[in-house]
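Q:
Residue numbers (my numbering), protein chains in the order written: chain B, 283 to 1002; chain Y, 1418 to 1817.
(1) I want to verify the contact list: residues of chain B whose CB lies under 9 Å from the CB of residue 1650 of chain Y, in sequence order.
(2) Please report the straight-line C-alpha distance between residue 1549 of chain Y and residue 518 of chain B, rounded to a whole angstrom.
(3) In terms of residues, what are the limits of the alpha helix (DSSP H) holding residue 531 of chain B?
(4) From which residue to which residue does the beta strand (DSSP E) around residue 779 of chain B run?
(5) Just to confirm, is the Cβ distance from residue 1431 of chain Y to residue 1618 of chain Y under 8 Å?
(6) Since I believe residue 1510 of chain Y is in contact with residue 1776 of chain Y (beta carbons under 8 Å), could you give me their beta-carbon distance rounded to a whole number of angstroms?
(7) Taking 8 Å as the CB-CB cut-off, is residue 543 of chain B touching chain C?
(8) Please tell me whether residue 1467 of chain Y and residue 1498 of chain Y are closer than 8 Å, where the distance is taken between their beta carbons.
(9) Smallest Cα separation from residue 676 of chain B: which of B/704, B/651 and B/840?
(10) Can you round the beta-carbon distance between residue 375 of chain B and residue 404 of chain B to whole angstroms, since I take them to be within the 8 Å contact cut?
(11) Would you call the segment 341 to 356 of chain B and the segment 304 to 312 of chain B touching, i.e. three or more CB-CB distances under 8 Å?
(12) With a threshold of 8 Å between beta carbons, is residue 513 of chain B in contact with chain Y?
(13) Can you give the beta carbon distance from residue 1628 of chain Y to residue 1587 of chain Y, rounded, assuming they're within the 8 Å contact cut?
(14) Which residues of chain Y have a Cβ atom closer than 9 Å to the Cβ of residue 507 of chain B, listed in chain order?
(15) So is residue 1658 of chain Y in contact with chain B if we call contact Cβ pairs under 8 Å?
(16) On the three-state DSSP scale, how would you describe residue 983 of chain B?
(17) Along chain Y, which residues have their Cβ under 7 Å away from the Cβ of residue 808 of chain B?
(18) Roughly how many whole angstroms lie between the Cα atoms of residue 1853 of chain Y and residue 1738 of chain Y?
(19) Among all the DSSP beta bridges, which residues are the ones paired with residue 287 of chain B?
(20) Is the segment 932 to 943 of chain B touching the segment 756 to 764 of chain B, taking contact as three or more C-beta pairs under 8 Å?
(21) Tell me, please, whether the segment 1499 to 1509 of chain Y touches the segment 1635 to 1649 of chain Y by the rule of three or more beta-carbon pairs shorter than 8 Å.
(22) Helix or strand or just coil, what does DSSP make of residue 1762 of chain Y?
(23) Under 6 Å Cβ to Cβ from residue 1691 of chain Y, same chain only, skipping five residues before and after it: list those, please.
(24) Would you mind giving the Cβ-Cβ distance between residue 640 of chain B and residue 661 of chain B, rounded to the nearest angstrom? I have them listed as a contact below 8 Å.
(25) With 16 as the cutoff for other CB atoms within 10 Å, does residue 1564 of chain Y come out buried or exposed?
(26) Pair every Cβ in the segment 1567 to 1575 of chain Y with every Cβ in the segment 1719 to 1735 of chain Y, then say whether three or more of these pairs are closer than 8 Å.
(27) Quick one: any contact between the segment 1648 to 1661 of chain Y and the segment 955 to 967 of chain B, if contact means 3 or more CB pairs under 8 Å?
(28) Looking at residue 406 of chain B and residue 389 of chain B, is the spacing between their C-beta atoms short of 8 Å?
(29) Counting contacts by CB-CB distance shorter than 8 Å, is residue 1567 of chain Y in contact with chain B?
(30) What does residue 536 of chain B touch in chain Y if you count any residue whose Cβ is under 8 Å from its own?
(31) Closest to residue 929 of chain B by CA distance: which of B/464, B/983, B/884 and B/752 is it?
(32) Quick check on the DSSP output: the alpha helix (DSSP H) that includes residue 939 of chain B runs from which residue to which?
(33) Among B/839, B/855, B/827 and B/892, whose alpha-carbon lies nearest the alpha-carbon of residue 870 of chain B?
(34) Does the beta carbon of residue 518 of chain B sit closer than 8 Å to a beta carbon anywhere in chain Y?
(35) Just to confirm my understanding: we take residue 524 of chain B, look at its own chain, exclude 5 residues before and 5 after, and list those with CB closer than 7 Å. What are they?
(36) Kindly give me the distance between the Cβ atoms of residue 1780 of chain Y and residue 1680 of chain Y, rounded to whole angstroms, as I take these residues to be in contact under 8 Å.
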């Protein structure tokens, strides 16, 4: 079934309207590319056709980009760089033929045009863009670890100059119509229902059309090469910025910069396009693009659409939410829920505390207001939905109550029972605990089937992850309702089973504890922190420890020991370091300092006292080894969680590791990391570290068996 | 065969800005004037010179197309004199001396004039572009960071405080001012003249005599911002035990941007007999090395130690050390490496006070230390410079 509606009018102007019958938006699939290519050839050869207007039959959108699914399996199919380059050459060819066939092509961009969609229009000789604010344009390929392989790295700089084009491709940000016009990406703005007629009018008055870069004597605006005025800022500075922002793990930004630099200097755009296709091939055949696309787009997309919600239950919604505990977490939950249109009853032991919790919403949204991203009306409406009180009776009618009180079983038991005395019989009770097993807490509940864990992340208004923890008795219906609530809160949910630390906290602890272990071994603290950044962790383990606080961590250790948990859940390797820090009074950032000093004015710095209490060993390890160690210990713990059935879905494990605890995106997540390095190599790394650093690295029989058989967490596609 | 230094001259260093005295003098003129001075004050038959080797680090535009050969033509040298322009970044002119010395030692030339020229006010540093800083693939792979970041990294690793480096700078200014006052440079600095023969500059004009610690303390660290933008992160990749780079270098404790040219007359013994000129020093030996490119400026120590070892000499055999003051941390690190002191190092001040005309400095500081050896009636000097992309060049000379 064709996606193109083509009509030729009395003046010989052809209107090509793209309208994919299979999808709500015109995704630039290989099939659509081929169709367009054939259509352009036909129109070019047709003597009655004087010019072409290209538009979309989908209101509000032109083309949103290519099909990520086409790309994702490329790496897994073993696509070579040369093959991947050839795929870019194909699309380039279609566009190049269109722009050089001698007939004028005008794009009537009636809605958003991103990635290959924008690239298609850049090959047209004229662009009219809808003036609707949602009609954004951009080249976001960098966000999936790719580059614009349909000529974007060569046409956009030739159109608007390298200095303006490069940042757009390095950030991948969408550009609104007014800015698109100002930058020179498009020639004209018009109301969406007039873009076609304006485009047509241009075609009529421009029977001969040539791209600027095909005209003899053409020079790229702003100049090219290392001596251009912008070169130091764009390239010299830009390359350093890439290292700072991405460490050495993400190849796309450098590839974009290289394609632009090398391609812009080459005299001919055809050479530039060849260069672009080679760098595209390098990226698409590489594993990082696959990891980013698979976890951050495809699997996160499924999670956001509640892919793991039990399907047999009808959709539910929370209209009235109870939040017990107006501290940082409770206040944050209330803030997000109120913005989602949910009435919130925010309860604390004192009215003062409850009021402060409510005020948090005002403060948080005031910051958003100052950025122009919200209106005062919406702030007032949100605040209006929050009732701050000490009175549990107000919980009447709440379909869901979340407790975010002290991490103490006694306190939690008390509030659970108080709340359940008032809550509707059918309501769900959730705990925001980050460590206390749900099944144990559920014992305080009169309705354990309706008890579940909803672990939010701080700050709640900014962290997208929600770890949904299923207790022993939690029903599937409760799970379904909890997922529906996650959807209302616009969070990305993962579903895990019960256990100490559940999933995210368990894995996170191994990261910060490994930093503590390294310190105890005499590794230089700066080396530990830098190694973490090399791995792509946003913050080093020692800095992260100070945020969590040694004080809280020590409490957790003592509680775990008191609860008689297995030795491995009592943080045995890091406990001596923790104990020493506590004895020294170094309890964390909030307590005057931990591994770091936090001066009143100025940046934090590593506490000079560390050298005395954790003497440096004379031979320091290689930074690369430390980097691998930090990635390995977390991935190993994630694998253990998978083995023990704490997580049952590799995608959830990966999304949770990235969104919840900052595991580097380039890996695709903690389990994807194992597939990325290869499980045989991973197990070898574990065994090497086990011998050098301790048994916490010892891989289980299960994991070793998987290595023997080469089993992957994401099986490769079967050969057709 | 031996290679002897018969004579050397330099122009004064003009401020490398539009208001600098030498801004009106084209670089080819600067080069021609030092070549002419060598000829005129020695009554030299230039047909005896076989090659002119000039260092120049931005050989484009006004400094393009082989200033070595073209300056020889412009100075009216015999047309049989060949010429070349070389680039080993900041060490270029010393490398030119070494190259000339090598030709003579090898018996392949009887006499050459080596030196360098750089008009930083007319042809800015970096004008030639180049892949090292601006070709993304190369810049990435080589862990490029600007030289100031390297200097600050040295200060961080070695523990030099802002006060330490500023103190070094104050002393350089003091020594240079003293040397000028006492006329230590008068034999070798030739005035630069304009087209109508008037003297445009006869003294180094970058100097700030009387500079105090307080003066320098007011200046902002020059590389804090580029560091923050990403170059500190690059440095930490190479040196991952560094918690943060301590940015201590400023315009006041780093080499000045200036204009200038220099030339050194090098020949064998037979050349001396043919011209009646007396050799002033022999070129005993020389070496260049590559060193870590990100920190960039740590080469002089290892290079000099390797050279001394090869020559069968020890650091104690050297009477005077002359090291280019690219940034204060550079000579400070060098003195640690060679176990020498301010007492015998850069005794008449250096580039912090007088400036560093990139392609010419190597020959200038060689001349400076040779004059000082003669003034003190001492014997042996070692001259060295760090160079971009992680290099260093060292030369040992011995008075006749």
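Where is the CB? At the ideal position from N, CA and C, for every residue including glycine. It should be emphasised that the depicted structure is a prediction, and the values quoted were computed from it without experimental measurement.
A: With the structure as the only source:
(1) For the purposes of this step, residue 1650 of chain Y is identified with residue 233 of the second chain, where counting begins at 1. At a C-beta separation below 9 Å, residue 1650 of chain Y has these neighbours in chain B: 522, 523, 525, 526, 527, 529 and 815.
(2) Translated into the one-based positions of the second chain, residue 1549 of chain Y becomes position 132. Translated into the one-based positions of the first chain, residue 518 of chain B becomes position 236. Distance between the alpha carbons of residue 1549 of chain Y and residue 518 of chain B is about 9 Å.
(3) Mapped onto the first chain, residue 531 of chain B falls at position 249. No alpha helix (DSSP H) contains residue 531 of chain B, which DSSP labels as neither H nor E.
(4) By one-based count along the first chain, residue 779 of chain B stands at place 497. First-last of the beta strand (DSSP E) with residue 779 of chain B: 774 to 779.
(5) As a first step, residue 1431 of chain Y is located in the second chain; it is residue number 14 there, counting from the start. As a first step, residue 1618 of chain Y is located in the second chain; it is residue number 201 there, counting from the start. Taking 8 Å as the Cβ cut-off, residue 1431 of chain Y and residue 1618 of chain Y qualify as a contacting pair.
(6) Indexing the second chain from 1 puts residue 1776 of chain Y at position 359. Indexing the second chain from 1 puts residue 1510 of chain Y at position 93. Right, the Cβ-Cβ distance comes to about 6 Å (below 8 Å), so this counts as a contact.
(7) The question asks about chain C, but that chain is absent: this structure's protein chains are B and Y.
(8) Mapped onto the second chain, residue 1467 of chain Y falls at position 50. Mapped onto the second chain, residue 1498 of chain Y falls at position 81. A distance below 8 Å separates the beta carbons of residue 1467 of chain Y and residue 1498 of chain Y.
(9) Translated into positions along the first chain, residue 676 of chain B becomes position 394. The candidate whose alpha carbon is nearest that of residue 676 of chain B is B/704.
(10) If you number the first chain from 1, residue 375 of chain B lands on position 93. If you number the first chain from 1, residue 404 of chain B lands on position 122. Not really, about 15 Å apart at Cβ, beyond 8 Å.
(11) Between the segment 341 to 356 of chain B and the segment 304 to 312 of chain B there are three or more C-beta pairs closer than 8 Å, enough to call the two in contact.
(12) Position 231 of the first chain, counted from the start, is the residue given in the question as residue 513 of chain B. Closer than 8 Å to the CB of residue 513 of chain B there is at least one CB belonging to chain Y.
(13) Translated into positions along the second chain, residue 1628 of chain Y becomes position 211. Translated into positions along the second chain, residue 1587 of chain Y becomes position 170. Yes, residue 1628 of chain Y and residue 1587 of chain Y are in contact; Cβ-Cβ is about 6 Å, under 8 Å.
(14) Translated into the one-based positions of the first chain, residue 507 of chain B becomes position 225. Within chain Y, the residues near residue 507 of chain B are 1546 and 1551.
(15) Counted from its first residue, the second chain places residue 1658 of chain Y at position 241. Residue contact check for residue 1658 of chain Y against chain B: a CB pair falls below 8 Å.
(16) Reading the first chain from its first residue, position 701 is the one you call residue 983 of chain B. Annotated three-state conformation of residue 983 of chain B is helix, per DSSP.
(17) Taking the first chain and counting its residues from 1, one reaches residue 808 of chain B at position 526. What residue 808 of chain B touches in chain Y: 1658, 1659 and 1660.
(18) This structure does not reach residue 1853 of chain Y, given that chain Y is present from 1418 up to 1817, and the question cannot be answered.
(19) Position 5 of the first chain holds residue 287 of chain B. According to DSSP, which records beta bridges pairwise, residue 287 of chain B is partnered with B/299.
(20) In short, these stretches do not touch, since the Cβ pair count stays below three.
(21) Cβ pair count under 8 Å is below three, so no.
(22) Counting from 1 along the second chain, the entry for residue 1762 of chain Y is found at position 345. Of the three classes helix, strand and coil, the one that applies to residue 1762 of chain Y here is strand, per DSSP.
(23) Counting from 1 along the second chain, the entry for residue 1691 of chain Y is found at position 274. The answer is none, since no qualifying residue turns up.
(24) By 1-based counting over the first chain, the position of residue 640 of chain B is 358. By 1-based counting over the first chain, the position of residue 661 of chain B is 379. Rounded, the Cβ-Cβ distance is 12 Å, inconsistent with contact.
(25) Taking the first residue of the second chain as 1, we reach residue 1564 of chain Y at position 147. Looking at its Cβ environment, which holds 16 or more other Cβ atoms inside 10 Å, residue 1564 of chain Y is buried.
(26) Between the segment 1567 to 1575 of chain Y and the segment 1719 to 1735 of chain Y, the count of C-beta pairs closer than 8 Å stays below three; the two stretches do not touch.
(27) Result no; under three Cβ-Cβ pairs closer than 8 Å.
(28) Residue mapping note: residue 389 of chain B aligns to position 107 of the first chain, counting from 1. Residue mapping note: residue 406 of chain B aligns to position 124 of the first chain, counting from 1. Yes, they are a contact pair.
(29) Translated into the one-based positions of the second chain, residue 1567 of chain Y becomes position 150. Using a CB distance cut-off of 8 Å, residue 1567 of chain Y does not count as an interface residue toward chain B.
(30) Residue 536 of chain B sits at position 254 when you count from the first residue of the first chain. In chain order: 1553, 1554 and 1557.
(31) Counted from its first residue, the first chain places residue 929 of chain B at position 647. Nearest Cα to residue 929 of chain B within the set B/464, B/983, B/884 and B/752: B/752.
(32) The residue labelled residue 939 of chain B in the question sits at position 657 within the first chain. First-last of the alpha helix (DSSP H) with residue 939 of chain B: 932 to 943.
(33) Position 588 of the first chain, counted from the first residue, corresponds to residue 870 of chain B. The residue from B/839, B/855, B/827 and B/892 with its alpha-carbon nearest to that of residue 870 of chain B is B/827.
(34) Position 236 of the first chain, counted from the start, is the residue given in the question as residue 518 of chain B. Flagged as an interface residue toward chain Y: residue 518 of chain B, by a C-beta distance shorter than 8 Å.
(35) Translated into positions along the first chain, residue 524 of chain B becomes position 242. Correct list, in chain order: 535 and 536.
(36) Translated into positions along the second chain, residue 1780 of chain Y becomes position 363. Translated into positions along the second chain, residue 1680 of chain Y becomes position 263. The pair is a contact, with the Cβ atoms about 7 Å apart (cut-off 8 Å).
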